[in-house]
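If you count the sequence shown from 1, position 252 lands on 252 in UniProt numbering, and the numbers rise without skipping.
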Amino acid sequence: MEHDGVRASTLEREAFLSMSERTRDISTDEVCILIPTLNEAATIGGVIDGFREQGYSNVVVVDGDSDDETRTIARERGAQVFTQAGNGKGQAVRETLEYVTVPYVLMVDGDGTYDPADAERMLEPLSRGYEHVIGNRFADMDDDAMKALNGFGNRLINRSFRLIHGAEYEDILSGYRAFTTDSFERLALDSDGFTIETELAVECVKHGVDTTVVPVSYSARPEASETNLHPLRDGGTIVLALYSLAKTNNPLFYFGSLGAASIASGGVVAMYVLWQWIQYQQGHEILAVVSAAAILLGVQLLMFGVLSDMLVTLHREQRRRLEQITRAERERDRDDE
């Protein structure tokens, strides 16, 4: 199945290229630096100072009710500080974006692993018409920045994303993101925890958000800073989220895989029943019924997946045409001005 984020018609490519060739200067006043935090007192001050040195004064810290001095330090450094009403990074991002009034957001973790000097590199694609930018940590990563288990898990998740959702974003779990507020409003996000980055990537593919990847540097966490990520637990949650989100983004894969598993399990039971009959002349009527039901269910799931895929493809085509019309109208309005 081909997706909006991967495939485009010739007309769309030409329109996108012409859009990409047009650049506009993005002033620092148009950018909100969004930093979700939880117990980052050891690093948040340096992160805020780093972005202020780059000329970004609109720094917003959304805190998950830290029990250290994170909020105090952030206020002392001149950042706007919000304490989120709920729990989890995803909920913090959704909640804070409701109060952002500027057109661009640069989201970064508050653990000091990302370099504020990469801010201009992250924002530059937005000036050429892209709507979402992902910072690729693997392009320039310190040797001790990521444990071997975390590195293996990240690569496994990226490959799973490419297989399930059909797009190559290189580092979907990156916490360094730049995006337009308009594109964010088009995304249907309901993730609360660390799966927010995964959901952002899937939604970008699903809604045809023009997305690109840029290389960024990635450093090890300072010794005084402790990670809030649990590799096995959170990694498993992310993989399950990738699969679950395929229901609406790639239904052929989702229902097709369930159907194939049902047919395969029914086939195994049927082979056992047949072997028992041939070898010992023993009948297993109940098992035979179970195997037939499993195979029939699998076939139905496959058919449902095909039909769902056709509906999703039709919906995307209609949405793509509406977005083309909207872009054309915006271009005419700009030319008239």
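C-beta: ideal position from N, C-alpha, C; glycine also.
Starting from the C-beta of A220, find all residues in its chain whose C-beta is less than 6 Å away, skip the five residues before and the five after it, and write them out in chain order. Locating residue 220 in the sequence shown gives position 220, counting from the first residue. Excluding positions up to five away in sequence, the list reads D142, D144, A145.
Do you know whose CA, among D109, M303, P103, V93, lies nearest G51's CA? For the purposes of this step, residue 51 is taken as the residue at position 51 of the sequence shown. Sequence inspection shows Phe at residue 51; the Gly mentioned does not correspond to that position. Here the closest residue by C-alpha is D109.
Given a cut-off of 9 Å on the beta-carbon distance, is the pair T101 and P36 in contact? The count along the sequence shown starts at 1 and reaches residue 101 at position 101. The count along the sequence shown starts at 1 and reaches residue 36 at position 36. Not closer than 9 Å, so no.
Inter-residue spacing [alpha-carbon to alpha-carbon] between F255 and Y104: Against the sequence shown, residue 255 aligns to sequence position 255. Against the sequence shown, residue 104 aligns to sequence position 104. Their Cα atoms are separated by approximately 37 Å.
Whose CA, out of G151, A119, A241, E120, lies closest to the CA of E197? The residue you call residue 197 lines up with position 197 of the sequence shown. Checked all of G151, A119, A241, E120; the closest Cα to E197 is A241.
Taking the alpha carbon of V59 as the point to measure from, which residue in I44, L245, D68 has its own alpha carbon closest? Against the sequence shown, residue 59 aligns to sequence position 59. Checked all of I44, L245, D68; the closest Cα to V59 is I44.
Span separating the alpha-carbon of V290 from that of N250: On the sequence shown, position 290 is the one that residue 290 refers to. On the sequence shown, position 250 is the one that residue 250 refers to. If you take the alpha carbons of V290 and N250, they lie about 29 Å apart.
So what does DSSP say about G135, is it helix, strand or coil? Mapped onto the sequence shown, residue 135 falls at position 135. Residue state, collapsed to three classes: strand.
Entirely enclosed alpha helix (DSSP H) segments - the stretch 67-109, minimum 4 residues: 70-76, 89-97
Inspect the beta-carbon positions of D118 and V216 and report whether they are closer than 9 Å. Taking the first residue of the sequence shown as position 1, residue 118 is located at position 118. Taking the first residue of the sequence shown as position 1, residue 216 is located at position 216. Yes, Cβ-Cβ distance for D118 and V216 is below 9 Å.
Whole-Å CB distance - D210 paired with G129, under 8 Å assumed: Position 210 of the sequence shown, counting from 1, holds the residue named residue 210. Position 129 of the sequence shown, counting from 1, holds the residue named residue 129. That pair is a contact at about 7 Å.
According to DSSP, is L123 part of a helix, a strand, or is it coil? In the sequence shown, counting from the first residue as 1, residue 123 sits at position 123. Of the three classes helix, strand and coil, the one that applies to L123 here is helix, per DSSP.
Which term fits K147, buried or exposed, when burial requires 16 or more other beta carbons within 10 angstroms of its beta carbon? Residue 147 sits at position 147 when you count from the first residue of the sequence shown. Answer is exposed; the Cβ neighbour count stays below 16.
Delimiting residues of the alpha helix (DSSP H) encompassing R162: For the purposes of this step, residue 162 is taken as residue 162 along the sequence shown, with counting starting at 1. Its alpha helix (DSSP H) spans residues 148-165.
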